[in-house]
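Participant:
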Amino acid sequence: MDSKSIAEHTESPRTFTLGTWTVDGDSNQLIKEGTRFTIEPKMMDVLIYLCQNAGETVSAEQLLIACWAGTFYGDAPVQKCIAGLRKKLGCNSKKPSFIETIYRRGYKIIAPVNFPTKSNQVSQRQTLKKWTQGSPYLGLNTFNEQHSSIYFGRAKAIVDVIYQLKTSIKRSNNFLLILGKSGSGKSSLMRAGVLPYLNSETGFSQLRVTEYHFISPSQCIDESPVAALVHALNKLALIKTTIELSHLISQIEADPFQLTNALNVDSNLNNNEAELAQPEQVKDYKLLVIDQFEQFLLDENLTVKLKQNLMSCLLQIAQCKQLLFTAMLRNDFYAECLDVKGFYELKDQGKQYDLQAPTPVEISRMIRNPAIAAGLSFEHDKENEEHLDEILLAAAVKNPDALPLLEYTLDLLYQQRSSQNVLLLSVYRKMGGIEGAIAQQAEKVFNRLPVNVQACWDNIMHALIQVDHKNKHNVTARKLPKKYFNKPVEKQFIQHFLNARLFATIIQTNTGEQRSYLTEHQDSDAQDFQFITIAHEALLKHWQRIQLWLSNNSVAIHKREQLADDCMFWLNTGKATDALLNSKQKVLDAEDLIKRKEVTLSDNELAFIKSSKRYQGRKRITLSFFIVALMGFSVLTWFQANQVKNERDIALSQSQKTKAISKFLTETLAASSPFVAKGKDVSLTTVLNNAGRKLNDPVQNTYPPYVDALLHKTLGLIYIDLGKIAPAEKHILKGLEIYKENHLAKDEDYLGLLFNLSRLNVIKDGTDKLPVIKETIEVSNKVVGKDHQDSLGALDNLATYYLAKKDFAQAEKIFKQVYQKRTQLFGADYRHTLYSIEKLGNLYYAQKDYEQAERYYQLCIDKWLTKSGINNPYTLYCMKGVFLTQMATGQYQLAEQSLNQHISAATLVFGPEHPEVLSANHSLAELYQITERYKQAETLFRQTLKVSAKVLGENHKETLKIKTELTHLLSQNRAELIKQF
60 MDSKSIAEHT
70 ESPRTFTLGT
80 WTVDGDSNQL
90 IKEGTRFTIE
100 PKMMDVLIYL
110 CQNAGETVSA
120 EQLLIACWAG
130 TFYGDAPVQK
140 CIAGLRKKLG
150 CNSKKPSFIE
160 TIYRRGYKII
170 APVNFPTKSN
180 QVSQRQTLKK
190 WTQGSPYLGL
200 NTFNEQHSSI
210 YFGRAKAIVD
220 VIYQLKTSIK
230 RSNNFLLILG
240 KSGSGKSSLM
250 RAGVLPYLNS
260 ETGFSQLRVT
270 EYHFISPSQC
280 IDESPVAALV
290 HALNKLALIK
300 TTIELSHLIS
310 QIEADPFQLT
320 NALNVDSNLN
330 NNEAELAQPE
340 QVKDYKLLVI
350 DQFEQFLLDE
360 NLTVKLKQNL
370 MSCLLQIAQC
380 KQLLFTAMLR
390 NDFYAECLDV
400 KGFYELKDQG
410 KQYDLQAPTP
420 VEISRMIRNP
430 AIAAGLSFEH
440 DKENEEHLDE
450 ILLAAAVKNP
460 DALPLLEYTL
470 DLLYQQRSSQ
480 NVLLLSVYRK
490 MGGIEGAIAQ
500 QAEKVFNRLP
510 VNVQACWDNI
520 MHALIQVDHK
530 NKHNVTARKL
540 PKKYFNKPVE
550 KQFIQHFLNA
560 RLFATIIQTN
570 TGEQRSYLTE
580 HQDSDAQDFQ
590 FITIAHEALL
600 KHWQRIQLWL
610 SNNSVAIHKR
620 EQLADDCMFW
630 LNTGKATDAL
640 LNSKQKVLDA
650 EDLIKRKEVT
660 LSDNELAFIK
670 SSKRYQGRKR
680 ITLSFFIVAL
690 MGFSVLTWFQ
700 ANQVKNERDI
710 ALSQSQKTKA
720 ISKFLTETLA
730 ASSPFVAKGK
740 DVSLTTVLNN
750 AGRKLNDPVQ
760 NTYPPYVDAL
770 LHKTLGLIYI
780 DLGKIAPAEK
790 HILKGLEIYK
800 ENHLAKDEDY
810 LGLLFNLSRL
820 NVIKDGTDKL
830 PVIKETIEVS
840 NKVVGKDHQD
850 SLGALDNLAT
860 YYLAKKDFAQ
870 AEKIFKQVYQ
880 KRTQLFGADY
890 RHTLYSIEKL
900 GNLYYAQKDY
910 EQAERYYQLC
920 IDKWLTKSGI
930 NNPYTLYCMK
940 GVFLTQMATG
950 QYQLAEQSLN
960 QHISAATLVF
970 GPEHPEVLSA
980 NHSLAELYQI
990 TERYKQAETL
1000 FRQTLKVSAK
1010 VLGENHKETL
1020 KIKTELTHLL
1030 SQNRAELIKQ
1040 F
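Residue numbers (this note's numbering): 60 to 1040.
Structure follows, in structure tokens:
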């Protein structure tokens, strides 16, 4: 093995071109027309970094972090380097040709840059602090402040967060929400990236953190989040010293606004008004960070009142001017967190930062720089021209969950390095690459366990894994006190997984929590402050044994989590009788959970099951007495019924009879709706045609105008559901015409006609008409009031109109306003609230934020499946959003599965010729074309075009789009045939 070639490749080539210049990073020289100019090493680092980000504005702070690693004061060294580079390059700052100054933002390379290697993998000759404390890769562990010297690749994110903190303190609410994927490195960013700069002696960007504290859900296992919050504030000296904490916590839990009076707003921080007026003055703050914020907000063990109290406290803290206040949230839980009262207000008044996936250049630094700091190198297979660091980089860039898996793989490579400190290709191949590493290691550890220890598997998985029963895709790791696992075999199981760094021990400290991997002889006596958890949720996704366990135990897991939810509702209602389990089957399911040894239930849950069982017993006795009494009562009421019937018929006024007839006809026709008939419209044709003829025949139609309009509305609605646009439009417009010609009062039925006209407009033209929307809003507010579901539906239509016009800001504002209102008035699972979730998915899809869109669509699907199953129109609307996002993100196999499932269910619900089915078939044809299955695409395009022309018309935009795409496909195929001949 040639160690020299390994070292050389680890450094990467450092020669590239900038405009007319050749840059040689190895010799720190700029070369042009045979002339060489030597520059300082730090200038070369700055130039390389700017060129790696060519075309982008790079702030002075970002350069300080990337090239000086914290040894600086202000931005003077950056200005000096930029001035020196311009002089060497022959660049005028007023008319720049190489480096442009972007006022108050930073610097940008504007000349062409050409790197000889992929991904701009030119390394900087930045002096790295030598790392001698074992592996420079932390596996699944979180980077902490002591790891800052080996934390690389996040310079831009560090600067962005500090900037957001700096601007947030100028607002009345200084809260900063950091959103990111699971495994994106939110915690590490704050602990090892942002904190070391702010907590340094000189601070950074005029901010300095003198004290800090991290709060995580694991701290609240034995205390409420409010209590954890008060203790954190006390450690930061933000609670008045004269106040007794336990008494204060009790007061706040009863009335959260007591916190304001307890805050020590006069702390000795040098931020008086005179100093704030000096822009270059370093200002001192305290930092409070809430990690895994979603576990607080969505904890099923917390009552609604406790969550609301917590949010009230956070809103008060966010106004504390001497505090920098941040929370980290997994973005796949964002939509659910919006249901928690107060969360949207806190986020909306504060600021939000979305942590993006690292770029290839940043990932390159995460791989190579720690190795350089620790004196490691990567194997280079000269025969096959394979470089381990390049293989790792390529795999990490392709994998969306790359960071935790990458770190774990690198740590395993370190553990099995050669005696020359070389990370080996053979080891990497043996472990199955990045994705295989964690799963293979976990399986290996499990298989080495004695059989009696392996038998603890079910118990430990039920304890440490949590599945949201409302959304089965939300699988998370629980944290439990170490003393919870008291059996010797459980302790042995956990210890083996701790040794393999697959489980982690969380230890509470004065500044929050720290993770460690304790070995058998390092056990601590302070077990009350230690918790066990799965080291990273990447293990939940990639270990096949866990996936299989989730699949095989899905019923038991669902029942377990549902029971926890039902029990919490019972506690929230003050243990009300009507909140107990309301069916015999649910009680039997709960009793079955008690019998399962691997499932541990809380004392509250056991009491809930016991009370429910007693309640069901009392219901059976009560029901027996009721049946006997009912039989006697029936004899008496039978005689009275006929008498009452006669009196009622006589008392009915003519208008009441009219409404009775109308209701009868409405219900008769609505019973034939495709939602009941499952799309089999053959039996409906005769009924609909006869009804239409009767209404249009002046001899047969003897109904008063009001009833006539109402029946036209009903027929129009059924035709809309059948996807028959022309007859639907005829009946809806006729109903509106009757109202206007006869000057009928604009009541709820008139409002229904307007809503149906809006549906028609969307089907016909893809968008509603603004005058119709405005009239609907006006009539709805007048007839049913602003807070009625119909009025909110009209506002939703207005937001949809803005969305169609690509006015995304206005659309988002109204959509979120309606969503909040619906959640507040009707609850998170009410069908109209679910409409809002779907609309937000549509909004983000239109903006090409596919990750956010798919999250909303999936949440919507899961809630509809729980309520109504798959054969429901609204489940299908959300499913459509999912397969569209999957297609947009290149997940073609998943998209095809979703499409076929959608088409099958939609055909049953709507009928084979409904526009919803046509649209799905159109998407499937496009998918066939994208995946180069041209024959299948052509066949499906032709079938869909034929039906679309029949149902929607030859000139409908959907029909024309299908025709265009089919024409393009045919011309493409002809061109391919010509090439072959």
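Where a beta carbon is used, it is the ideal one built from N, C-alpha and C, also for glycine.
Cα separation between Lys342 and Ile168?
Facilitator: Distance between the alpha carbons of Lys342 and Ile168 is about 33 Å.
Participant: For Phe96, count neighbouring Cβ atoms within 10 angstroms of its own Cβ and tell me buried if that reaches 16, exposed if not.
Facilitator: Phe96 should be labelled exposed.
Participant: Between the C-alpha atoms of Gln606 and Lys538, what's the straight-line distance to the nearest angstrom?
Facilitator: So the two alpha carbons sit approximately 20 Å from each other.
Participant: Would you mind working out which of Glu837, Glu834, Asp921 sits nearest Ala394, comparing C-alpha positions?
Facilitator: Out of Glu837, Glu834, Asp921, Asp921 has the C-alpha closest to the C-alpha of Ala394.
Participant: Using DSSP bridges, identify the partner residues of His446.
Facilitator: In DSSP, His446 forms a bridge with His439.
Participant: For Glu421 and Ile450, I'd like the C-alpha separation in whole angstroms.
Facilitator: Spanning the two alpha carbons is a distance of roughly 15 Å.
Participant: Rounded to the nearest angstrom, how far is the Cβ of Ile779 from that of Asn820, given a contact under 8 Å?
Facilitator: About 11 Å; that fails the 8 Å criterion.
Participant: What residue range is occupied by the uninterrupted alpha helix (DSSP H) comprising Phe211?
Facilitator: Segment: none, Phe211 is in no alpha helix (DSSP H) and carries neither H nor E.
Participant: Considering just the uninterrupted stretch of the beta strand (DSSP E) at Lys410, what are its terminal residues?
Facilitator: Start and end: 410-413.
Participant: Hey, could you find the ends of the beta strand (DSSP E) Val268 is sitting in?
Facilitator: 266-274 is the span of the beta strand (DSSP E), which, as asked, contains Val268.
Participant: Among the residues of its own chain, which have a CB less than 7 Å from the CB of Ala251, if the five just before and after it don't count?
Facilitator: Here the set comprises Phe202, Asn203, Glu204, His206, Ser207, Tyr210.
Participant: Does the distance between the C-beta of Trp923 and the nearest non-hydrogen atom of the ligand ZN fall short of 8 Å?
Facilitator: No copy of the ligand ZN occurs in the structure displayed, which carries no ligand at all.
Participant: On the three-pair Cβ rule with 8 Å, is the region 463-471 touching the region 223-235?
Facilitator: Not touching, per the Cβ criterion.
Participant: Is DSSP giving Asn330 helix, strand or coil here?
Facilitator: Because Asn330 carries a pLDDT of 48, less than 50, the predicted location of this residue cannot be relied on, and no value is offered for it.
Participant: Tell me whether the beta-carbon of Phe628 lies closer than 9 Å to the beta-carbon of Ala649.
Facilitator: No, they are not a contact pair.
Participant: Val285 and Cys372 look like a contact to me (Cβ under 8 Å); what is the Cβ gap, rounded to whole Å?
Facilitator: The Cβ separation is near 6 Å, so the contact holds.
Participant: Taking the straight line between their C-alpha atoms, what separation do you get for Val976 and Leu810?
Facilitator: If I take the Cα positions, the gap works out to 28 Å.
Participant: Is DSSP giving Lys600 helix, strand or coil here?
Facilitator: Reduced to three states, the DSSP call for Lys600 is helix.
Participant: Can you tell me whether Asn368 is buried or exposed, with buried defined as 16 or more other CB within 10 angstroms of its CB?
Facilitator: With 16 or more other Cβ atoms within 10 Å, it is buried.
Participant: Taking DSSP as the reference, what is the three-state secondary structure of Asp190?
Facilitator: For the record, residue 190 in the displayed sequence is Trp; it is not Asp. DSSP places Trp190 in coil when its eight states are reduced to three.
Participant: In three-state DSSP terms, what is Ile1021?
Facilitator: Residue state, collapsed to three classes: helix.
Participant: So, do the region 295-303 and the region 316-324 have three or more beta carbon pairs nearer to each other than 8 Å?
Facilitator: These segments touch.
Participant: Can you list, in chain order, the residues of its chain with a C-beta nearer than 8 Å to that of Leu918? Leave out the 5 residues immediately preceding and following it.
Facilitator: Closer than 8 Å at Cβ, skipping near neighbours: Ala394, Glu395, Asn530, Ile896.
Participant: Give a yes or no on whether the C-beta atoms belonging to Leu382 and Tyr412 are separated by under 9 Å.
Facilitator: Not closer than 9 Å, so no.
Participant: Taking the beta carbon of Asn856 as the centre, do at least 16 other beta carbons fall within 10 Å, making it buried, or is it exposed?
Facilitator: Asn856 is buried by the Cβ-count criterion.
Participant: Within its chain, find whatever has a CB closer than 6 Å to the CB of Gly794; leave out the 5 residues flanking it on each side and keep chain order.
Facilitator: These residues qualify, in order along the chain: Ala768, His771, Lys772, Leu812.
Participant: Can you give me the C-alpha to C-alpha distance between Gly143 and Glu270, rounded to a whole angstrom?
Facilitator: Whole-angstrom Cα-Cα distance: 38 Å.
Participant: Which residues in the same chain as Thr74 place their Cβ atom closer than 6 Å to its Cβ, once the five residues preceding and following it in sequence are excluded?
Facilitator: Asp83, listed in sequence order.
Participant: I'd like the list of long-range same chain contacts for Val399, defined as Cβ closer than 6 Å, with 5 residues on each side in sequence excluded.
Facilitator: Taken in chain order, the residues that qualify are Leu356, Lys366.
Participant: Let's test the definition: count the other Cβ atoms within 10 Å of the Cβ of Asn641 and tell me whether it reaches 16, buried, or not, exposed.
Facilitator: Exposed, since its Cβ has fewer than 16 Cβ neighbours within 10 Å.
Participant: Tell me the DSSP secondary structure of Glu1013 in three-state form.
Facilitator: Glu1013: coil per DSSP, three-state reduction.
Participant: Return the CA-CA distance between Leu899 and Gln354, expressed in angstroms with no decimal places.
Facilitator: Roughly 23 Å between the two C-alpha positions.
Participant: Would DSSP call Arg250 helix, strand or coil?
Facilitator: Correct three-state label for Arg250: helix.
Participant: Distance, Cα to Cα, His973 vs Gly852?
Facilitator: Their Cα atoms are separated by approximately 23 Å.
Participant: Comparing alpha-carbon positions, which option in Leu235, Lys147, Ala964 lies nearest Ser156?
Facilitator: Measuring from the Cα of Ser156, the nearest candidate turns out to be Lys147.
Participant: Ignore the nearest five residues each way along the sequence and tell me which others in Ala638's own chain have a CB closer than 6 Å to its CB.
Facilitator: Result list for Ala638: Phe628, Trp629, Thr632, in chain order.
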